[in-house]
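*Asks:* Can you keep this structure in mind? I'll have questions shortly.
Numbering (UniProt numbering), first residue to last: 1 to 255.
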């Protein structure tokens, strides 16, 4: 299957930190693959750097590593989650970094990820500040049959563009848990009859299963899930994964 060039944007939150730089490089590599333009969104000062300096540094990285990639920039003044979600169109992808250096920092990054997941009507990619050099493969978190197709198809595109293996996982299984996996597999075989798919059904909690499975993977793809018992617009599994990401996570909007 040929790769269709994307018309949507990747909107990258930039603040001058190493964590944001990791997210920037991830987004630039993906946009080089699919042609999606980058929008660099400055979301706050860092150690006295001017807004222009932060954006100039980010542009310099793109120019040196991905010459020719379409790049625009904007300076935002609202809270990060609000500013990024408000400038994004439904077909865009917001990309943010997640600081894994310490418990306090990781909780702050995770909370921002959750806020964006709740607020945004587009996909959100959360990129932990960790070495991803030797990781390979894409994991899709498959829940119910009614959401399985969308998650599986998004994961398929990511795996195809990376020439990487794809694994479909359903965690927290108690009894008869293959409906979602069956629906996902049917959808993918309709797109590509030659595709090789690995399926796993695990009895461990869904969040733990996904976090463990993605420890050595390039990407984990998740859907919104069901509204939690506390009324949170995203499910408990999604909330836990975003707060404790062990790999880049692509969180899909409702649809």
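For glycine and all other residues, C-beta sits at the position ideal for the given N, C-alpha and C.
Is the beta carbon of residue 192 less than 9 Å from the beta carbon of residue 246?
*Replies:* Taking 9 Å as the Cβ cut-off, residue 192 and residue 246 do not qualify as a contacting pair.
*Asks:* Pairing CB atoms from the stretch 112-125 with CB atoms from the stretch 31-38, are three or more of them under 8 Å?
*Replies:* Judged by Cβ distances under 8 Å, the stretch 112-125 makes no contact with the stretch 31-38, as fewer than three pairs qualify.
*Asks:* Please state the DSSP three-state secondary structure of residue 241.
*Replies:* In the structure shown, residue 241 sits in a helix (DSSP, three-state: H, G or I).
*Asks:* In chain order, what residues of the same chain lie with their CB nearer than 7 Å to the CB of residue 88, ignoring the 5 residues before and after it?
*Replies:* Contacts found: 11, 94, 120, 122.
*Asks:* Starting from the C-beta of residue 147, find all residues in its chain whose C-beta is less than 7 Å away, skip the five residues before and the five after it, and write them out in chain order.
*Replies:* So the list reads 223, once near-sequence residues are dropped.
*Asks:* To which residues of the same chain is residue 165 closer than 8 Å at the C-beta, ignoring the five residues directly before and after it?
*Replies:* Taken in chain order, the residues that qualify are 136, 137, 138, 159, 196, 198.
*Asks:* List the DSSP bridge partners of residue 193.
*Replies:* According to DSSP, which records beta bridges pairwise, residue 193 is partnered with nothing at all.
*Asks:* How many angstroms separate the CA atom of residue 43 from the CA atom of residue 14?
*Replies:* C-alpha separation (whole angstroms): 6 Å.
*Asks:* Less than 6 Å between C-beta atoms, sequence neighbours within five positions excluded: which residues of the same chain meet that for residue 37?
*Replies:* Closer than 6 Å at the Cβ level, and outside the excluded window around residue 37, lie 9, 70.
*Asks:* So if DSSP puts residue 167 in a beta bridge, which residue, or which two residues, is it bridged to?
*Replies:* DSSP, once it has assigned bridges, lists 139, 198 as partnering residue 167.
*Asks:* Output the distance between the C-alpha atoms of residue 242 and residue 210, rounded to the nearest integer angstrom.
*Replies:* The straight-line gap from Cα to Cα measures roughly 11 Å.
*Asks:* With DSSP as the reference, identify every bridge partner of residue 75, one or two as the case may be.
*Replies:* Answer by DSSP bridge pairing, in chain order: 42.
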